Amino acid sequence: MTPFRFIHSSDLHLGRRFAALPEDIRPRLVEARHGALARLAQAARDHGARDILLAGDVFDSPTPSARVRAQALSAMGAEADLVWWILPGNHDSLAAEELWSEVARGPANLRLLAEAAPVELAPGAWLLPAPLPRRFPGIDLTAAMPAAATPDGALRIGLAHGAVQSFDEDGARRDEVIPPDRARSAGLAYLALGDWHGAKAISPDTWYSGSPERDGFRHDGCGACLAVTLTAGAPPQVQQVTTGTFHWTDSALPLLPGQDAAAGLAAALPADRALRRDHVLRLRAEGRVTLAARAALMAAAARVAPEFGYFELTTEALGLEHEATDLDAIDRAGALRLAADRLSAQAADATLAERDRAVARAALNRLYGLLLEDQP
């Protein structure tokens with residue numbers, strides 16, 4: 003038969019509010035998620051595909067706002083040459099009756115997969131969906147796939163949302179978890195999964211697509227979808243296609259005493275400054291530095307932060323080396339020097355609780371920072 007091509011995506015989470023991030027970046031992240039619909043459509047056309055399979059969590063909640071619902075349906079409906087196959091996931095399960103009633107009344111090129119029954123995608127290609135009836139179904143919804151009837155010789159494509167493998171403490175697999183060999187046991191040419199937000203191959207015929215637009219630091223990089231080609235008797239051809247606007251990075255910034263901490267920060271930043279506006283970056287400083295080096299690091303971070311969509315430098319794991327010259331810079335004698343010496347001793351005192359040592363380090367950093375602020 004003719005090769006069957008389609009786009010596999012999931013976890014759009016339309017309507018996510020990003021409450022943990024600053025207010026000035028939230029609207030851009032929300033808009034990027036909506037824009038992923040058009041980018042998925044373009045990926046389908048570039049791949050020569052008509053069908054876009056969405057493996058759950060199209061919406062972030064069972065009650066997205068009227069604006070989120072209407073704009074999502076309009077965006078998908080505008081791609082009239084494509085067909086969107088929509089599977090309810092755990093965030094937007096079939097229990098969200100009002101939401102799915104509206105989707106079912108939506109544009110003609112939307113196909114709501116509300117039943118676990120085979121659906122013909124194209125001549126010779128059949129979809130076996132496993133929609134979630136509620137957020138926690140308590141069973142493996144793909145268990146019905148092996149017995150699902152399709153014509154002889156058909157390409158069988160599974161579509162599901164959930165974890166592939168997990169074990170309780172006693173080693174027993176939980177009932178709702180999808181076995182990693184489900185594609186083989188159900189005679190599937192391909193099992194399209196959602197729930198994991200990064201692209202991941204469980205086997206050559208079983209994939210998580212990941213989210214088309216990243217929404218957290220757990221998965222580095224840009225969002226993507228999978229362009230899949232199935233040919234009878236051949237393994238699936240799977241190509242990852244970038245669809246994300248924002249590039250997310252969470253990485254360590256190791257520092258050593260004597261190192262130029264500001265230069266170390268600069269080396270860890272994206273070289274192309276024009277791309278920083280669409281970069282969500284978290285650097286975790288670790289190791290040990292002097293008071294002067296830490297102050298230089300924080301000043302450098304404050305200078306570059308406005309260039310990024312979002313920039314965060316964490317210093318909880320960054321220890322201090324207290325050099326005499328650092329303490330001399332605070333004061334050579336008198337009350338300030340006594341305070342600095344006491345804080346330095348407390349920060350290095352292994353008999354104190356880590357919380358107390360951290361408070362001492364923070365106070366010493368603040369004291370040194372106040373000195374720099376007072377300098378002309």
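Its first residue numbered 3, the sequence shown is counted upward by one per residue in our numbering. Built from N, CA and C at the ideal position, the CB exists for glycine as well. Quick caveat: nothing in here was measured; it's all calculated off a predicted structure.
Comparing alpha-carbon positions, which option in the options lies nearest residue i?
{"i": "residue 299", "options": "279, 310, 320 and 309", "result": "320"}
{"i": "residue 77", "options": "257, 194, 264 and 105", "result": "105"}
{"i": "residue 85", "options": "316, 313, 123 and 190", "result": "123"}
{"i": "residue 155", "options": "116, 191 and 52", "result": "191"}
{"i": "residue 317", "options": "305, 296, 304 and 44", "result": "296"}
{"i": "residue 266", "options": "249, 286, 282 and 278", "result": "286"}
{"i": "residue 308", "options": "27, 270 and 247", "result": "27"}
{"i": "residue 4", "options": "11, 36 and 51", "result": "51"}
{"i": "residue 158", "options": "178, 135, 187 and 179", "result": "187"}
{"i": "residue 102", "options": "119, 135, 120 and 131", "result": "135"}
{"i": "residue 226", "options": "44, 162, 67 and 6", "result": "44"}
{"i": "residue 249", "options": "257, 280 and 233", "result": "280"}
{"i": "residue 131", "options": "125, 162 and 275", "result": "162"}
{"i": "residue 160", "options": "178, 139, 112 and 184", "result": "184"}
{"i": "residue 246", "options": "222, 202, 362 and 88", "result": "222"}
{"i": "residue 67", "options": "153, 23, 17 and 88", "result": "17"}
{"i": "residue 217", "options": "229, 251 and 228", "result": "251"}
{"i": "residue 8", "options": "35, 112, 87 and 69", "result": "87"}
{"i": "residue 121", "options": "151, 96, 143 and 69", "result": "151"}
{"i": "residue 144", "options": "127, 348, 189 and 212", "result": "189"}
{"i": "residue 304", "options": "268, 290, 199 and 352", "result": "268"}
Roughly how many whole angstroms lie between the Cα atoms of residue i and residue j?
{"i": "residue 129", "j": "residue 74", "result": "23 Å"}
{"i": "residue 114", "j": "residue 108", "result": "10 Å"}
{"i": "residue 1", "j": "residue 79", "result": "Nothing about residue 1 can be read from this structure; the chain reaches only from 3 to 378."}
{"i": "residue 381", "j": "residue 214", "result": "The chain is shown from 3 up to 378; residue 381 falls before or after that span and cannot be answered."}
{"i": "residue 278", "j": "residue 220", "result": "19 Å"}
{"i": "residue 118", "j": "residue 147", "result": "9 Å"}
{"i": "residue 180", "j": "residue 167", "result": "6 Å"}
{"i": "residue 329", "j": "residue 292", "result": "Confidence at residue 329 is low in this model, with a pLDDT of 49, below 50, so the placement of that residue should be treated as unreliable; the coordinate-derived value is given next. Each residue's alpha carbon lies about 10 Å from the other."}
{"i": "residue 276", "j": "residue 306", "result": "13 Å"}
{"i": "residue 174", "j": "residue 165", "result": "Only weak support exists for where residue 174 lies, its pLDDT of 37 falling under 50; the value from the coordinates is given anyway. In a straight line, the C-alpha of residue 174 is about 15 Å away from that of residue 165."}
{"i": "residue 238", "j": "residue 15", "result": "27 Å"}
{"i": "residue 241", "j": "residue 13", "result": "18 Å"}
{"i": "residue 37", "j": "residue 234", "result": "34 Å"}
{"i": "residue 261", "j": "residue 288", "result": "13 Å"}
{"i": "residue 358", "j": "residue 322", "result": "14 Å"}
{"i": "residue 312", "j": "residue 255", "result": "17 Å"}
{"i": "residue 232", "j": "residue 310", "result": "40 Å"}
{"i": "residue 39", "j": "residue 193", "result": "22 Å"}
{"i": "residue 140", "j": "residue 116", "result": "18 Å"}
{"i": "residue 98", "j": "residue 197", "result": "18 Å"}
{"i": "residue 230", "j": "residue 49", "result": "9 Å"}
{"i": "residue 11", "j": "residue 201", "result": "9 Å"}
{"i": "residue 354", "j": "residue 263", "result": "28 Å"}
{"i": "residue 315", "j": "residue 284", "result": "6 Å"}
Taking its Cβ as the centre, do 16 or more other Cβ atoms sit within 10 Å of residue i, making it buried, or is it exposed?
{"i": "residue 356", "result": "exposed"}
{"i": "residue 41", "result": "buried"}
{"i": "residue 19", "result": "exposed"}
{"i": "residue 65", "result": "exposed"}
{"i": "residue 110", "result": "exposed"}
{"i": "residue 253", "result": "exposed"}
{"i": "residue 47", "result": "exposed"}
{"i": "residue 54", "result": "buried"}
{"i": "residue 258", "result": "exposed"}
{"i": "residue 302", "result": "buried"}
{"i": "residue 137", "result": "exposed"}
{"i": "residue 182", "result": "exposed"}
{"i": "residue 177", "result": "exposed"}
{"i": "residue 236", "result": "exposed"}
{"i": "residue 2", "result": "Examination of residue 2 is not possible in this model, given that the chain is present from 3 through 378 alone."}
{"i": "residue 142", "result": "buried"}
In the DSSP output, which residue or residues are listed as bridge partners for residue i?
{"i": "residue 284", "result": "252 and 314"}
{"i": "residue 1", "result": "Beyond the ends of the chain as shown, which are 3 and 378, falls residue 1; an answer cannot be given."}
{"i": "residue 2", "result": "The requested residue 2 is not part of the displayed model; the chain covers only 3 to 378."}
{"i": "residue 125", "result": "The partner list for residue 125 (beta bridge, DSSP) is empty, contrary to what the question assumes."}
{"i": "residue 320", "result": "289"}
{"i": "residue 102", "result": "DSSP, once it has assigned bridges, lists no residue as partnering residue 102."}
{"i": "residue 204", "result": "DSSP, once it has assigned bridges, lists no residue as partnering residue 204."}
{"i": "residue 231", "result": "7 and 239"}
{"i": "residue 61", "result": "16"}
{"i": "residue 244", "result": "226"}
{"i": "residue 198", "result": "DSSP lists no partner for residue 198."}
With 8 Å set as the bound, which would you pick, yes or no: does the beta-carbon of residue i sit closer than that to a beta-carbon of chain C?
{"i": "residue 265", "result": "Included in the structure is just one protein chain, with no chain C present."}
State whether the region 192–207 contacts the region 30–44, with contact taken as three or more CB pairs (one from each stretch) at a distance under 8 Å.
-> The region 192–207, when compared against the region 30–44, does not touch it at the 8 Å Cβ threshold.
Can you find at least 3 beta carbon pairs, one from the region 57–67 and one from the region 85–98, that sit closer than 8 Å?
-> Verdict: yes, contact present.
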